[in-house]
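Peer 1: Position 4 of the sequence shown, counting from 1, maps to 4 under the UniProt record's numbering, and the rest follow consecutively. Before anything else, here's the structure in question.
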Amino acid sequence: MSDQPSSQQPVAPPKADTSDAKANETSTIVSENKTPVVICIGMAGSGKTTFMQRLNSTLHQKSTPPYVINLDPAVLKVPFGANIDIRDSVKYKKVMEEYNLGPNGAIVTSLNLFSTKIDQVINLVDKRTSNPDSKIGNIIIDTPGQIECFVWSASGAIITEAFASTFPTVIAYVVDTPRNTNPTTFMSNMLYACSILYKTKLPMIVVFNKTDVQSADFAKEWMTDFEAFQQALINDRDENGDGSGYMMSLINSMSLMLEEFYCQLDVVGVSSYTGSGFDDFLKAVDNKVEEYNTYYKAERERILKKKEDDEKKRQAKNLNKLMKDMDIGNTDADADVVSDNDDDDTQGEVLRDDDEIGRVYNFPEDRMSELKDDAALQQRYQDAFEATAKTASSTTAENIAKYISQTQQ
Ligand SMILES: Nc1nc2c(ncn2[C@@H]2O[C@H](COP(=O)(O)OP(=O)(O)O)[C@@H](O)[C@H]2O)c(=O)[nH]1
Ligand SMILES: [Mg+2]
């Protein structure tokens, strides 16, 4: 992981444009001094990396340089100066060889390895961005080319969650506009965006990229005027001769759901090549950050609290069950041992071979007196459980850390 000094970034003009300074001030107030995070997600080839590159240079021009994070382990060249790059901590090729994986498996495994250090990453980013001297306006994150590697992997969820619980976080869903002029393709893409919105529960901006090739007006129209979209479907069906009517009935039954989904989104058209539309995008980010603070934040806190309470209840229930299973209250009774051994004389005890190496048993001779005190025993189980649970997870973490440091050599 590298944390490059900002001097390596392109030099920013000395004075900030006042309108942008004002826009930035708004987001700082509503975000309670935490820097907003923009996570770029989108289908492979939609232009996420190019969009990040343009966003990076636009923000530098406005004297509010972003803090840039690359989470794509498979990319050969990153066209922007990344402050944190997953490729510094995880070697994608080595992961492929070592674990005998294909490209997507290796991306997911690299993300898994990276996510074990996510608390360190969050601390580092928080320290850098909360420094009062820092002029950092946004934290921007690029994700792997293949959308599902990030969106549907456990580590993708962990990483997103880690950022979203520390900073006001917005998803920029990047769409390849020229490839989505077909209404069926368009709808599939929007359904994917919809599933991400409901999965992450974060505010979303749909970014129609590559508007230098194809204007995004048609998409905006389809998203606001349902009849126009239906007409486009009918035209497409007539042109392509698909008379099954399946698509039409699917669309009709989904129209309400899609309307509900669209009204939660901000939509912008940009060209990462020419830089057009980026001011609109930055305004949309401010808008969504405000939404995050007024609505999503409270909702997230409620969910986290509920999760915590549920976990406590579950632990208490497990402990009770354990106590019950062990039949602690009835210490005088012989333990019932389910065994294949029919020899009743031994009562389940395995007799020692004569030539077996002598073992030393260190148990105290009589533990019955301790067993009488249920409360004390319960406490001891609890303590032992906590102690071992901690050791196990930190050992795993250490092993993974060891692996990562080996691969770095
Ligand atoms: N015409 C045009 N092409 C673009 C634009 N943004 C990206 N591309 C091209 O789209 C392709 C995929 O871009 P890339 O950023 O690697 O996509 P990613 O897989 O989503 O990161 C590349 O060939 C880019 O040059 C744009 O705004 N206009
Ligand atoms: Mg990319």
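Backbone N, C-alpha and C define an ideal beta-carbon position, used for all residues, glycine too.
1. Please go through the same chain and pick out, in chain order, the residues whose beta-carbon is closer than 6 Å to the beta-carbon of residue 90, but skip the five residues on each side of it.
2. Between residue 65 and residue 190, what straight-line distance do the alpha-carbon atoms span, to the nearest angstrom?
3. With DSSP collapsed to three states, give me the class of residue 108.
4. Just the residues with CB closer than 6 Å to a heavy atom of ligand 1, in chain order, which are they?
5. In chain order, which alpha helix (DSSP H) runs of at least 4 residues are fully inside the segment 25 to 71?
6. Tell me whether residue 213 is buried or exposed, calling it buried when 16 or more other Cβ atoms sit within 10 Å of its Cβ.
7. Taking its Cβ as the centre, do 16 or more other Cβ atoms sit within 10 Å of residue 173, making it buried, or is it exposed?
8. Would you say the beta carbon of residue 90 comes nearer than 7 Å to a heavy atom of ligand 2?
9. Return helix, strand or coil for residue 159, following the three-state DSSP convention.
10. Hey, quick one: how far does the beta strand (DSSP E) through residue 176 stretch, first residue to last?
11. Here's a check: name, in chain order, each residue in its chain whose Cβ is nearer than 8 Å to the Cβ of residue 358, leaving out the five neighbours to either side.
12. Tell me the rounded alpha-carbon separation between residue 46 and residue 211.
13. Out of 293, 237 and 177, point me to the one whose CA is closest to residue 416's CA.
14. Apart from the five residues on each side of it in sequence, which residues of its chain come closer than 6 Å, Cβ to Cβ, to residue 49?
15. Roughly how many whole angstroms lie between the Cα atoms of residue 144 and residue 150?
16. CB of residue 72 to nearest heavy atom of ligand 2: below 7 Å?
17. Do you know how far the Cα of residue 289 is from the Cα of residue 228?
Peer 2: In this structure, then:
1. In the sequence shown, the residue the question calls residue 90 occupies position 90. Once the five neighbours on either side are set aside, the close Cβ partners of residue 90 are 73, 110, 113 and 114.
2. Position 65 of the sequence shown, counted from the first residue, corresponds to residue 65. Position 190 of the sequence shown, counted from the first residue, corresponds to residue 190. Going from the Cα of residue 65 to the Cα of residue 190 covers about 31 Å.
3. In the sequence shown, residue 108 corresponds to position 108, counting from 1. In the structure shown, residue 108 sits in a helix (DSSP, three-state: H, G or I).
4. Cβ-based neighbours of ligand 1 within the cut-off: 42, 44, 45, 46, 47, 48, 49, 50, 145, 209, 210, 212, 213, 271, 272 and 273.
5. 48 to 61
6. One-based indexing of the sequence shown puts residue 213 at position 213. Answer is exposed; the Cβ neighbour count stays below 16.
7. Position 173 of the sequence shown, counting from 1, holds the residue named residue 173. Its Cβ being crowded by 16 or more others within 10 Å, residue 173 is buried.
8. Position 90 of the sequence shown, counted from the start, is the residue given in the question as residue 90. No - ligand 2 has no heavy atom lying nearer than 7 Å to the Cβ of residue 90.
9. Counted from its first residue, the sequence shown places residue 159 at position 159. It is helical.
10. Stepping through the sequence shown from its first residue, residue 176 is reached at position 176. It spans 169 to 176 - the beta strand (DSSP E) in which residue 176 sits, taken as one unbroken run.
11. Sequence index remark: in the sequence shown, residue 358 carries index 358 (1-based). Caution is warranted here: a pLDDT of 44 is assigned to residue 358, below 50, making its placement in the model unreliable, and the coordinate value is therefore given only provisionally. If we look at residue 358 and ignore the five residues flanking it on each side, it has no Cβ neighbours.
12. Here the question's residue 46 lines up with position 46 in the sequence shown. Here the question's residue 211 lines up with position 211 in the sequence shown. Roughly 12 Å between the two C-alpha positions.
13. No statement about residue 416 is possible, as the shown extent of the chain runs from 1 to 409 and does not include it.
14. In the sequence shown, the residue the question calls residue 49 occupies position 49. 142, listed in sequence order.
15. By 1-based counting over the sequence shown, the position of residue 144 is 144. By 1-based counting over the sequence shown, the position of residue 150 is 150. Near 7 Å, if we compare the C-alpha coordinates of residue 150 and residue 144.
16. Start at 1 with the first residue of the sequence shown, and residue 72 comes out as number 72. Taking 7 Å as the cut-off, the C-beta of residue 72 counts as close to a heavy atom of ligand 2.
17. Numbered from its first residue, the sequence shown carries residue 228 at position 228. Numbered from its first residue, the sequence shown carries residue 289 at position 289. It is roughly 31 Å from the alpha-carbon of residue 228 to the alpha-carbon of residue 289.
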